[in-house]
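See structure below.
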Amino acid sequence: MNNSEQLYKISEIADIAKVNKTKVWRYIRDNNISERSMKGNAKLYSEHNKDLIIKAFSNYSVHFVTETKADTSRILLEQIEILKGELERKNDQLDKMQSLLDQQQQLNLSTNRQNEKLLNTPQKASEDVSKDDTDGLESTENYSKVEEVKTSKKGLFGWLRH
Numbered sequence: 229m230n231n232s233e234q235l236y237k238i239s240e241i242a243d244i245a246k247v248n249k250t251k252v253w254r255y256i257r258d259n260n261i262s263e264r265s266m267k268g269n270a271k272l273y274s275e276h277n278k279d280l281i282i283k284a285f286s287n288y289s290v291h292f293v294t295e296t297k298a299d300t301s302r303i304l305l306e307q308i309e310i311l312k313g314e315l316e317r318k319n320d321q322l323d324k325m326q327s328l329l330d331q332q333q334q335l336n337l338s339t340n341r342q343n344e345k346l347l348n349t350p351q352k353a354s355e356d357v358s359k360d361d362t363d364g365l366e367s368t369e370n371y372s373k374v375e376e377v378k379t380s381k382k383g384l385f386g387w388l389r390h
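Going by this note's numbering, the first residue of the sequence shown is number 229, and it counts up by one from there.
Encoded structure:
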């Protein structure tokens with residue numbers, strides 16, 4: 229073993245590659261990279277292996293960032309399409325609400341005009357209407373006849389006996 233060669237622990241390689249130790253350990257396991265030596269329980273890897281591992285993670289990071297940008301762009305485009313559809317639906321709803329509001333205003337205007345006509349009609353017509361309500365009770369004769377019919381009844385079902 230060459231004494232001038234520097235050896236690296238998994239934690240040191242992970243720090244250099246800016247990934248966690250588990251990812252480095254899995255990469256080493258999956259790619260059958262063997263340690264150069266041991267220091268206590270820690271496995272030590274050569275400069276060459278360290279460079280291979282770091283290069284793998286730098287490619288991984290570039291690929292991940294590129295893929296993430298593509299995914300982000302795709303997601304943003306999908307969200308834009310969804311928002312466009314929602315905007316169209318909201319515009320349709322606003323158009324319908326405006327139409328309903330116009331109809332309500334027309335109905336209110338028509339009702340107000342009818343009320344004005346009723347308020348502006350001559351007093352005579354309204355007196356005739358009020359007489360119609362009291363025609364049956366105007367004469368005392370008619371009133372007493374109605375009273376007689378009422379008194380001749382005995383009990384709630386007295387009228388059935390006649």
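The beta-carbon is built from N, C-alpha and C at its ideal position, and this holds for glycine as well.
Helix, strand or coil for residue i per DSSP?
i: residue 272; result: strand
i: residue 297; result: helix
i: residue 246; result: coil
i: residue 262; result: coil
i: residue 349; result: coil
Short check: CB of residue i to CB of residue j, under 8 angstroms?
i: residue 241; j: residue 282; result: yes
i: residue 233; j: residue 275; result: yes
i: residue 277; j: residue 303; result: no
My guess is that residue i and residue j are in contact by the Cβ rule of under 8 angstroms, so how many angstroms apart are they, rounded?
i: residue 235; j: residue 264; result: 6 angstroms
Mind checking who residue i pairs with in its DSSP beta bridge?
i: residue 236; result: 273
i: residue 267; result: 270
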